[in-house]
Amino acid sequence: MRKPRIIFFDIDGTLVDDATQILPDSAGRAVEALRERGHLAVLNTGRPRSHIDPRLLTWTWDGCISGCGMEVQAGGRTLHRVLPEAAVCRRMRDLIRACRLDVLFEVSGGLILDGTRPQGPQVRLEADRMRAKGFSVTEDPDRPDFCFEKFVVFHPDGGDLARFQSEASRDFTLIDRGGGMTEAVLQGSSKSTGIRLLLQHFGLCPQDAVAFGDSTNDIPMFQCVSTPIAMGGCPEVVRRAAVYTTASVLEDGIWNGLRRFGLI
10 MRKPRIIFFD IDGTLVDDAT QILPDSAGRA VEALRERGHL AVLNTGRPRS
60 HIDPRLLTWT WDGCISGCGM EVQAGGRTLH RVLPEAAVCR RMRDLIRACR
110 LDVLFEVSGG LILDGTRPQG PQVRLEADRM RAKGFSVTED PDRPDFCFEK
160 FVVFHPDGGD LARFQSEASR DFTLIDRGGG MTEAVLQGSS KSTGIRLLLQ
210 HFGLCPQDAV AFGDSTNDIP MFQCVSTPIA MGGCPEVVRR AAVYTTASVL
260 EDGIWNGLRR FGLI
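Numbering of the sequence shown is given in my numbering, commencing with residue 10 and proceeding in unit increments.
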């Protein structure tokens, strides 16, 4: 019997088109065909588990890595989960304000914005997208029970990015996502740490693993699988980390990539 492969899928820019938010039918058919052939399909996203596009949750998955490795699930069980302490959350809130950065605090079921500061276009766009999907968006980071799972900052003119990077990096890995966006993930967590946990859980090795991604936070994921596949239109640094670049999301990139390697 042929040994199964395990395939890890980023979401934004990989399964779902960033600009249009379209989830191609071909991607769903590809994942279904993949599993029918005995392979394993796993989501691997920077978003918290509760932020995953509800359309994707109607598909059958063998596992889910969320929050850039801060939570790992398989077979309906949570294998790993870490969260920042409340004191760390408050310290980051105050630091981001002092550095005059725009922020999205990612919390269970939604977002918290900072209502004490003007909100730039990138914050407003993501907030509108989350509201459209039915998620909660509030502006109350000063409430007594304030905490978050992870966060994203944007760097407007006049913001003190150097100070933010110096102080926030004591607790968080800071990922430059390009376009003036930095993603902050608890130290010790990444998409690759989640992959290693699931490989161990399923009794597989990196040679059995394939990954699809499009962003800089996918590079750690690419480094621990044998077949990293970049999506068409992704940054050059991501393409250089891959062994193959497939078509874009809207050009059936998932279907074509899986066919290219004989997985469907």
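Every residue gets a Cβ at the ideal spot worked out from N, C-alpha and C, and that includes glycine.
| Query | Result |
| --- | --- |
| Assuming R219 and R14 are in contact, meaning their beta carbons sit under 8 Å apart, how far apart are those beta carbons, in whole angstroms? | Arg is not the amino acid found at residue 219; the sequence shown has Val there. At roughly 6 Å, the Cβ-Cβ gap stays under 8 Å, so V219 and R14 are in contact. |
| Quick one: what does DSSP say C98 is sitting in, helix, strand or coil? | helix |
| I need the DSSP call for T29, collapsed to helix, strand or coil. | coil |
| Residue ranges of each beta strand (DSSP E) run of no fewer than 3 residues wholly in the stretch 116 to 142, ordered along the chain? | 119 to 121 |
| Answer with buried or exposed for C243, where buried requires no fewer than 16 other C-beta atoms within 10 angstroms of its C-beta. | buried |
| With DSSP collapsed to three states, give me the class of P229. | helix |
| Drop a sphere of 10 angstroms on the beta-carbon of V246, count the other beta-carbons inside from all chains shown, and report buried for 16 or more, exposed for fewer. | exposed |
| Would the beta-carbon of C73 fall within 8 Å of that of N226? | no |
| Using 8 Å as the Cβ pair cut-off and three pairs as the minimum, do the stretch 139 to 150 and the stretch 108 to 123 touch? | yes |
| Quick check on DSSP: helix, strand or coil for H89? | strand |
| Using DSSP bridges, identify the partner residues of L183. | A193 |
| Run through the DSSP bridge pairs and tell me what L113 is partnered with. | V161 |
| Report the option in E176, I263, T191, G84 whose CA atom is closest to the CA atom of F211. | G84 |
| Please name the residue in L110, C233, R99 whose C-alpha comes closest to that of R152. | R99 |
| State the start and end residues of the unbroken alpha helix (DSSP H) segment that holds A42. | 34 to 45 |
| Hey, quick one: how far does the beta strand (DSSP E) through G72 stretch, first residue to last? | 72 to 75 |
| Considering E245, what are the terminal residues of the alpha helix (DSSP H) in which it resides? | 245 to 249 |
| Between R269 and G241, what straight-line distance do the alpha-carbon atoms span, to the nearest angstrom? | 14 Å |
| In terms of residues, what are the limits of the alpha helix (DSSP H) holding A177? | 170 to 177 |
| Below 8 Å on the Cβ atoms is my guess for I61 versus I20; work out the distance and round it to an integer in Å. | 7 Å |
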